[in-house]
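Following: one structure in structure tokens, then a few remarks.
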Amino acid sequence: MQFYVSRLLLMVTRAALRVSGVLFWILVYVASLLAAVSYLPDALRLITRGPFRAFYWKQRRTAPSCLTSSKHGQHGYIRIKNSGMRFHYVASGEKGSPLMLLLHGFPENWYSWRYQLDEFSQGYWVVAVDLRGFGGSDAPSELLDYKMETLLQDVKDLITGFGYSSCVLVGHDWGGTLAWTFAVRHHNMVSRLIVMNAPHPSAFHDYVLAHPSQLFLSRYVFLFQLPILPEILLSLADFEYIRKPLVDDSMGIQNKQRRLTNEETEAFIYYLSQKGGMTPPLNYYRNLFGFFPVKAQDVLVPTLLLWGELDVFLEAAMVPEMKQYVHAPFQAEIIQHASHWLQQDHPEEVNRIMRDFLSQEMPVSTHHGHI
Numbered sequence: 001m002q003f004y005v006s007r008l009l010l011m012v013t014r015a016a017l018r019v020s021g022v023l024f025w026i027l028v029y030v031a032s033l034l035a036a037v038s039y040l041p042d043a044l045r046l047i048t049r050g051p052f053r054a055f056y057w058k059q060r061r062t063a064p065s066c067l068t069s070s071k072h073g074q075h076g077y078i079r080i081k082n083s084g085m086r087f088h089y090v091a092s093g094e095k096g097s098p099l100m101l102l103l104h105g106f107p108e109n110w111y112s113w114r115y116q117l118d119e120f121s122q123g124y125w126v127v128a129v130d131l132r133g134f135g136g137s138d139a140p141s142e143l144l145d146y147k148m149e150t151l152l153q154d155v156k157d158l159i160t161g162f163g164y165s166s167c168v169l170v171g172h173d174w175g176g177t178l179a180w181t182f183a184v185r186h187h188n189m190v191s192r193l194i195v196m197n198a199p200h201p202s203a204f205h206d207y208v209l210a211h212p213s214q215l216f217l218s219r220y221v222f223l224f225q226l227p228i229l230p231e232i233l234l235s236l237a238d239f240e241y242i243r244k245p246l247v248d249d250s251m252g253i254q255n256k257q258r259r260l261t262n263e264e265t266e267a268f269i270y271y272l273s274q275k276g277g278m279t280p281p282l283n284y285y286r287n288l289f290g291f292f293p294v295k296a297q298d299v300l301v302p303t304l305l306l307w308g309e310l311d312v313f314l315e316a317a318m319v320p321e322m323k324q325y326v327h328a329p330f331q332a333e334i335i336q337h338a339s340h341w342l343q344q345d346h347p348e349e350v351n352r353i354m355r356d357f358l359s360q361e362m363p364v365s366t367h368h369g370h371i
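Per full-length UniProt numbering, the sequence shown runs over residues 1 to 371.
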């Protein structure tokens, strides 16, 4: 089945990239339906284990203590000027030290950066923010509130709202996509870029069209274009499809010493379980196709790319493709035996590589990016 779905998705995707307007979106939704069909056997297996169990999910009434604790930093809120939205964040270190801004991915929140909040509090003011629609931050209800341009403006407003003109920008997964793109658009606001398990958008575009296996792994992006159905699927069996990628032996954190406890897993489910909590994060994906093609590609700041070797969502073979888009010192490291959830899986190694990278003297490129 994987072979046929991969080939069909590739055919439809290539066709979609050759057209525009209504026909483009028709082809995107054709691909979305193909993706939905590919997930049907898994959903049916879940349902056959017991319909009551499959269609049961509950709203968590109380946040797990690890999510509200000040162990890793002080909780705070900031209201940014352009949108007026309020963002929740956790900060460690001394304000006034260089800013390190941490952007999480899906289905996470600030808590995915707990090890980095601990590690870099000496020397940096480290801020792990809940992105728009996630965690304790405001979650607008409109689909267009999650367009890429709006998300990038959030990052810009957060940096200036905290009283800084630039930062060390660190992103994982969706946060990595934002970090790449922000560094392209606003390189003067990024002193160093650190990305974990997230491809440069242009590199991913090229890679996925040449590798049907990656297109199959990424088919959930098409699935998430559909209305309502993704929210239902991800909620089945009390959020089984949120929990499983985080804790499953093949998909989840591979380091046995760092595997998530039940409480830590609940830290990522809590906000998603709230009424309407799943839709805002999914709206990131629903705006994704409006972002391509990327107009400006070049990254002009020193960049560190970290990748978990055993990422089952994004193939490590695409890592070499990123170098062509970085016109500044570039370092790429594939972490052995590590999953997609890299900064939680092997935090000691990740932190060591980050610290070594940040300690190096590096010139910023004078190469001018193209549009």
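Glycine is no exception: its CB is placed at the ideal position from the N, C-alpha and C atoms.
Original post:
Three-state secondary structure (DSSP) at THR303?
Top reply: DSSP places THR303 within a strand segment (E or B) once states are collapsed to three.
Subject >> Contacting residues, own chain, Cβ-Cβ under 7 Å from THR279 (five flanking each side not counted) >> reply: Around THR279: GLU231.
Original post:
Three or more C-beta pairs closer than 8 Å, one from the region 198 to 209 and one from the region 129 to 142: is that the case here?
Top reply: Taking 8 Å as the limit for Cβ pairs, the verdict is that the region 129 to 142 does not touch the region 198 to 209.
Subject >> Contact set for PHE24: own chain, Cβ-Cβ below 7 Å, skip 5 residues either direction >> reply: Residues ALA16 of the same chain have their beta carbon placed closer than 7 Å to that of PHE24, with the five preceding and five following residues left out of the count.
Original post:
Can you tell which of SER70, HIS88, LEU246 has its C-alpha closest to the C-alpha of ILE78?
Top reply: Of the listed residues, the one whose Cα sits closest to ILE78 is HIS88.
**OP:** Throw me the rounded Cβ distance for the ASP298 and HIS327 pair, which I believe falls under 8 Å.
**Re:** Contact between ASP298 and HIS327 holds, since their C-beta atoms are separated by about 5 Å, short of 8 Å.
Subject >> Check whether LEU131 and GLY161 have beta carbons under 9 Å apart >> reply: Not a contact, by the Cβ cut-off of 9 Å.
Original post:
Whole-angstrom Cβ separation of PHE182 and VAL190, contact assumed at under 8 Å?
Top reply: About 7 Å separates the two Cβ atoms, so the contact holds.
Subject >> Beta bridge counterpart(s) of LEU103 as assigned by DSSP >> reply: According to DSSP, residue pairing for LEU103 in a beta bridge involves VAL129, GLY171.
**OP:** List the endpoints of the continuous alpha helix (DSSP H) containing GLN116.
**Re:** GLN116 -> alpha helix (DSSP H) spans 114 to 119.
Subject >> Simplified DSSP state of TYR89, which is helix, strand or coil >> reply: In the structure shown, TYR89 sits in a strand (DSSP, three-state: E or B).
Original post:
How many angstroms separate the CA atom of VAL90 from the CA atom of VAL155?
Top reply: For VAL90 and VAL155, the gap between their C-alpha atoms comes out near 15 Å.
Original post:
Helix, strand or coil: which one does DSSP assign to LYS71?
Top reply: Correct three-state label for LYS71: coil.
Subject >> Pairwise C-alpha distance: ALA267 and LEU73 >> reply: The residue asked about is misnamed: residue 73 is Gly in this sequence, not Leu. The alpha-carbon atoms of GLY73 and ALA267 are separated by roughly 16 Å.
**OP:** Out of GLY96, GLN116, TYR39, state which residue places its alpha-carbon closest to the alpha-carbon of GLU348.
**Re:** Among GLY96, GLN116, TYR39, the Cα nearest to that of GLU348 is on GLN116.
Original post:
Quick one: Cα of GLY105 to Cα of ARG114, how far?
Top reply: Approximately 14 Å, taken between the alpha carbons.
Original post:
The alpha helix (DSSP H) spanning ILE353 covers which residue range?
Top reply: Under the DSSP assignment, ILE353 falls in the alpha helix (DSSP H) whose first and last residues are 347 to 359.
Original post:
Should LEU102 and VAL129 be called a contact, given that it needs their Cβ atoms to be closer than 9 Å?
Top reply: The answer is yes: Cβ separation under 9 Å.
Original post:
Under a three-way DSSP split, which group does GLN331 fall into?
Top reply: In the structure shown, GLN331 falls within a strand segment according to DSSP collapsed to helix, strand and coil.
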